[in-house]
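Q:
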Amino acid sequence: MEEVTVKVLLLGDEKVGKTTFLSRISGGSGALEGNVPITLLRDIDQPFVFEIRNRRRTYRIEFYDTSCPDNWRLLDPDLVLICYDISQRPSLINMRRVWINEVHSTFQTSDHLPVIVVGLKRDLRSESDPGSIHPQEAYKVSQEMRVDKYVECSAVTGELLKLAFEEICNTASRTKTVTGAQSEGGCVMS
Ligand SMILES: Nc1nc2c(ncn2[C@@H]2O[C@H](COP(=O)(O)OP(=O)(O)O)[C@@H](O)[C@H]2O)c(=O)[nH]1
Ligand SMILES: [Mg+2]
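All the letters of the sequence shown, read from the start, carry residue numbers 6 to 195 under the working numbering.
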């Protein structure tokens, strides 16, 4: 069976929950449901590798976190995840102010590079707190950033985690098809 490697790069402010998210998804299906304790991955153990399979191919999905801020620019990713913290407005602002521009200025292939916005710490969303981000607002920002998809989840409670991971893997595998993984009609919200 053909094996294909897909490189996925996680970007986003410090403390938005990138390591916790990766640790949770690397813990297997029980961890994906959010009902078993997780062991935090160490930044030095990168990349974090996951294998998924369909009928024709095995995909080796390599997740790279930005814990080495100087090194990530040397990567040639197939998919970028820009992460923010749903309870921290500055992290949403920085996606547009910093991270999407970093993608375009760093990667020459950025015209064809699919980007997913990932809202983390969904369990901390509070309707009464103006610092907390409503999904519609995040979706609007994602559209303005011209990314391909918007997903959100909580790595602590496990809510929507499985769906978010499936969307990411699905897009990751489509990067290796002729048509690529960019969304034709603009940003898709799942
Ligand atoms: N409530 C809640 N806290 C989280 C979640 N994900 C991460 N955290 C906490 O947020 C802090 C930063 O997380 P970390 O994964 O280290 O962020 P990173 O710097 O982006 O890698 C830690 O104290 C985590 O325990 C989440 O989904 N919900
Ligand atoms: Mg980290």
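Every residue gets a Cβ at the ideal spot worked out from N, C-alpha and C, and that includes glycine. Just so it is clear, the structure is predicted and the values come from calculations on it, not from any experiment.
Identify every residue that forms a DSSP beta bridge with Gly57.
A: According to the sequence as given, residue 57 is Ile; it is not Gly. In DSSP, Ile57 forms a bridge with Tyr64.
Q: At a threshold of 6 Å, does Ser159 count as lining ligand 1 (C-beta to nearest heavy atom)?
A: yes
Q: To the nearest angstrom, how far is the alpha carbon of Asp90 from that of Ser133?
A: 16 Å
Q: Which of the three DSSP states is assigned to Val152 in this structure?
A: coil
Q: Around the C-beta of Met100, are 16 or more other C-beta atoms found within 10 angstroms, so that it is buried, or is it exposed?
A: Result: buried.
Q: Quick one, which of Val9, Val13, Ser137, Ser131 has its alpha-carbon nearest Asp70's?
A: The shortest Cα separation from Asp70 among Val9, Val13, Ser137, Ser131 belongs to Val13.
Q: Tell me the rounded alpha-carbon separation between Lys181 and Val122.
A: Distance between the alpha carbons of Lys181 and Val122 is about 20 Å.
Q: Excluding five sequence neighbours on each side, which residues of the same chain lie with their C-beta closer than 8 Å to the C-beta of Glu149?
A: Arg101
Q: What does DSSP give as the partner residues of Lys12 in its beta bridges?
A: Glu67
Q: Hey, would you say the C-beta of Glu19 is under 6 Å away from at least one heavy atom of ligand 1?
A: yes
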